[in-house]
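Asks: Take a look at the following structure, please.
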Amino acid sequence: MFFKKMKKWGKQEEILDLDDPQYILKNMQSLLASEQCEIRNGALLLPQWRVTVRPEIAQLKEQSAVLNFYVDSPDWDRRLFECSAALGSDRKQALGMAEGGFLFGMLDGISAMVKGKHTDRLETVFDGSIHRWSMYQSNVVGMGDSPQENEVSALWRLLREGIAQRIGNQKICCVKVYGAKNGDSITGECRINDTVSPELSGMVADYVREWNTQGFGSQKQFFFLKQEEETYTPYPYSEEQLAGFTRQAIQLYRRSAEQGSYEDYYDALLTQLDDHHLAEELYSFLPEMCAEHAFTSLSYPESFSIHRGETDITVYKSQLASYYPIQNALLHELGGDEFTDELYKAFIAVSSVYSVICSAKEQGADLLANGGRIYVSCGFSQHYLVR
21 MFFKKMKKWG KQEEILDLDD PQYILKNMQS LLASEQCEIR NGALLLPQWR
71 VTVRPEIAQL KEQSAVLNFY VDSPDWDRRL FECSAALGSD RKQALGMAEG
121 GFLFGMLDGI SAMVKGKHTD RLETVFDGSI HRWSMYQSNV VGMGDSPQEN
171 EVSALWRLLR EGIAQRIGNQ KICCVKVYGA KNGDSITGEC RINDTVSPEL
221 SGMVADYVRE WNTQGFGSQK QFFFLKQEEE TYTPYPYSEE QLAGFTRQAI
271 QLYRRSAEQG SYEDYYDALL TQLDDHHLAE ELYSFLPEMC AEHAFTSLSY
321 PESFSIHRGE TDITVYKSQL ASYYPIQNAL LHELGGDEFT DELYKAFIAV
371 SSVYSVICSA KEQGADLLAN GGRIYVSCGF SQHYLVR
């Protein structure tokens, strides 16, 4: 592993139009000449890695480019996503820089993972079960006036403990870290499975603030955590299946709200799903997610409390296999015509977030006007399994 400083993209015979994704695929194929790879159906296949990369041009302007990359493998429990943006003196250079940011960043870390070149091991505990992981890191991809003397494992040492607290029973976990400094303007971001961790992002911002740089400088690095098979328990549903279950739960709730029979909602949900763990999660999470979406002037921690029978536990949302897939599915449904304002308000009305807002107002405190931080608690049966 080494620090990779992005330089101007080298010359390449311009066979295809820059707006054609095939241009990016041809570039990647030539740069990965040491690996067996082929272009098929708009994607780059790396059969020895069992990995497929599908690029998408999100934006291409005269001096900037934004590329999306979707990476899949049958050996993983999730699709990986990377948005790589870059500036250049012209469209071609900007496109090449954005592509290079993906190749020398995310794909470099994936290469280390598929080849078993780990740089650390760690052990975590999630709901009483031990999970053991191997960590694989990418290059540090620097742009502009970023400090080259920084050691490649500096960000991992900074974030290791916080990341370990936020992973549950995933098969693999992708962590993206990005920091940038431009004078007094500081950017720090840490994403776990493409979801921002505000607390870890704050640590990255503090780290970047100490850079002794002139002008703009940025660094990006990826960490991949792969769980050992001996400690991994497969989750029974894919993200697509969870999206379907979320849609069913919303439809059931609409019918319950229209009939004024909210008390029967959980039983109907359980009957339809035949999984009381997931039924309890959808029953509890959807109202809170709607409330958090509605009341953006408030802040919400990355963790919440679960009251399970006689015991209380605190979990990070990122630890649960279902939480963010359910939230993403809900956000998708919110953009549709069938999710009416009446349904939205009906979900919010039964949330604990709304209850706290109303209780505070009765005591003379206007949280919506003055802001505040709400800690969410969810009640589950003693048989509920955290997974």
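In the numbering used here, the protein residues as written are 21 to 407. Just so it is clear, CB atoms sit at the ideal spot from N, CA and C, and this is done for glycine as well.
#1: Under DSSP, the alpha helix (DSSP H) around R177 begins and ends at which residues?
#2: Alpha carbon to alpha carbon, what distance is there between S84 and G62?
#3: Please determine if the stretch 230–244 and the stretch 321–328 are in contact, where contact requires at least 3 C-beta pairs separated by less than 8 Å.
#4: Return the chain-ordered list of same chain residues with a C-beta closer than 6 Å to the C-beta of I206, the five sequence neighbours on each side being excluded.
#5: Which partner residues of P75 appear in the DSSP bridge assignment?
#6: Whose C-beta lies closer than 8 Å to the C-beta of E33 among residues of the same chain, with five residues either side of it excluded?
#7: Going along the chain, which residues of its own chain have a beta-carbon closer than 6 Å to the beta-carbon of V370, five neighbours each way excluded?
#8: Please work out which residues of its chain come closer than 8 Å, Cβ to Cβ, to Y344, disregarding the five sequence neighbours upstream and downstream, and give them in chain order.
#9: With a threshold of 16 other CB atoms inside 10 Å of the CB of V373, please say whether the residue is buried or exposed.
#10: Give me the DSSP bridge partner(s) of V396.
#11: Tell me whether the stretch 245–258 and the stretch 144–155 touch, counting them as touching only if at least three CB pairs, one residue from each stretch, are closer than 8 Å.
#12: Give a yes or no on whether the C-beta atoms belonging to D165 and T233 are separated by under 8 Å.
#13: Exposed or buried, P75, counting other C-beta atoms within 10 Å across all chains shown (16 or more means buried)?
#14: I need the DSSP call for E58, collapsed to helix, strand or coil.
#15: Which whole-angstrom value describes the C-beta separation of L87 and A78, a residue pair presumed to lie in contact below a C-beta threshold of 8 Å?
#16: Just the C-alpha distance for Y257 and Y90, rounded to the nearest angstrom, thanks.
#17: When the Cα of D92 is compared with those of G108, C378, S104, V73, which residue comes out closest?
#18: What is the DSSP secondary structure of S281, reduced to helix, strand or coil?
#19: What is the DSSP secondary structure of Q241, reduced to helix, strand or coil?
#20: Evaluate S279 with the Cβ neighbour count: other Cβ atoms within 10 Å of its Cβ, from every protein chain shown; 16 or more gives buried, anything less gives exposed.
#21: Mark N179 as exposed unless 16 or more other C-beta atoms lie within 10 angstroms of its C-beta, in which case mark it buried.
#22: With S50 as the anchor, note down where its alpha helix (DSSP H) starts and where it stops.
#23: Can you have a look at D39 and say buried or exposed, based on whether 16 or more other CB atoms are within 10 angstroms of its CB?
#24: Suppose the cutoff is 8 Å on Cβ atoms and the five residues either side in sequence are ignored; what does the same chain contact list for P254 look like?
#25: Name, in chain order, the residues that DSSP records as bridge partners for W231.
#26: Quick one, which of G235, G188, A184, V195 has its alpha-carbon nearest N202's?
#27: Enumerate in chain order the residues of its own chain whose CB-to-CB distance from M126 is below 6 Å, with the five nearest sequence positions on each side excluded.
#28: For G392, which residues in the same chain have their Cβ closer than 6 Å to its Cβ, ignoring the five residues on either side in sequence?
#29: Quick check on DSSP: helix, strand or coil for Q32?
#30: Short of 8 Å in beta carbon distance, which residues of its chain neighbour V145, apart from the five on each side in sequence? Order them along the chain.
Replies: So, from the data block:
#1: By one-based count along the sequence shown, residue 177 stands at place 157. 174–185 is the span of the alpha helix (DSSP H), which, as asked, contains R177.
#2: Here residue 62 refers to the residue found at position 42 when the sequence shown is read from its first residue. Here residue 84 refers to the residue found at position 64 when the sequence shown is read from its first residue. Going by the C-alpha atoms only, they are around 23 Å apart.
#3: no
#4: Translated into positions along the sequence shown, residue 206 becomes position 186. These residues qualify, in order along the chain: A225, V228, R229.
#5: Within the sequence shown, numbered from 1, the residue matching residue 75 stands at position 55. Note: P75 sits in a beta bridge opposite F89.
#6: Residue numbering aside, residue 33 sits at position 13 when the sequence shown is read from its first letter. Only weak support is given to the placement of E33: the predicted model assigns it a pLDDT of 49, under 50, and the value that follows is read from those uncertain coordinates. Cβ neighbours of E33 beyond the five flanking positions: none.
#7: The residue you call residue 370 lines up with position 350 of the sequence shown. These residues qualify, in order along the chain: P307.
#8: Numbered from 1 along the sequence shown, position 324 holds the residue referred to as residue 344. Hits under 8 Å: N213, T215, K337, S338.
#9: Numbered from its first residue, the sequence shown carries residue 373 at position 353. Classification of V373: buried, given that the 10 Å Cβ count is 16 or more.
#10: On the sequence shown, position 376 is the one that residue 396 refers to. Paired residue(s): none; V396 is not in a bridge.
#11: yes
#12: As a first step, residue 165 is located in the sequence shown; it is residue number 145 there, counting from the start. As a first step, residue 233 is located in the sequence shown; it is residue number 213 there, counting from the start. The answer is yes: Cβ separation under 8 Å.
#13: As a position in the sequence shown, residue 75 is number 55, starting the count at 1. Classification for P75: buried.
#14: Start at 1 with the first residue of the sequence shown, and residue 58 comes out as number 38. DSSP places E58 in strand when its eight states are reduced to three.
#15: What you label residue 87 is simply residue 67 of the sequence shown in a count that begins at 1. What you label residue 78 is simply residue 58 of the sequence shown in a count that begins at 1. Confirmed, Cβ separation roughly 6 Å.
#16: Locating residue 257 in the sequence shown gives position 237, where the first residue counts as 1. Locating residue 90 in the sequence shown gives position 70, where the first residue counts as 1. In a straight line, the C-alpha of Y257 is about 20 Å away from that of Y90.
#17: Working through the sequence shown from its first residue, we reach residue 92 at position 72. Among G108, C378, S104, V73, the Cα nearest to that of D92 belongs to V73.
#18: Your numbering for residue 281 matches position 261 in the sequence shown. Coil at S281, not helix or strand.
#19: As a working mapping, residue 241 is identified with position 221 in the sequence shown. It is a strand residue.
#20: One-based indexing of the sequence shown puts residue 279 at position 259. The sequence shown places Gln at residue 279, rather than the Ser named in the question. When all chains shown are included, Q279 counts as exposed.
#21: By one-based count along the sequence shown, residue 179 stands at place 159. The sequence as given places Leu at residue 179; Asn does not occur at that position. It counts as buried.
#22: One-based indexing of the sequence shown puts residue 50 at position 30. S50 -> alpha helix (DSSP H) spans 41–51.
#23: Residue numbering aside, residue 39 sits at position 19 when the sequence shown is read from its first letter. So D39 counts as exposed.
#24: The residue you call residue 254 lines up with position 234 of the sequence shown. Here the set comprises D97, K191.
#25: Against the sequence shown, residue 231 aligns to sequence position 211. Note: W231 sits in no beta bridge, so no partner.
#26: Taking the first residue of the sequence shown as position 1, residue 202 is located at position 182. Checking every option, the nearest Cα to that of N202 belongs to G235.
#27: What you label residue 126 is simply residue 106 of the sequence shown in a count that begins at 1. E102, F242.
#28: Along the sequence shown, one-based indexing puts residue 392 at 372. So the qualifying residues of the chain are L318.
#29: Here residue 32 corresponds to residue number 12 of the sequence shown, with the count starting at 1. Because the pLDDT of Q32 is 48, which lies under 50, any placement of that residue in the model is unreliable, and the question is left without a value.
#30: By 1-based counting over the sequence shown, the position of residue 145 is 125. Hits under 8 Å: H151.
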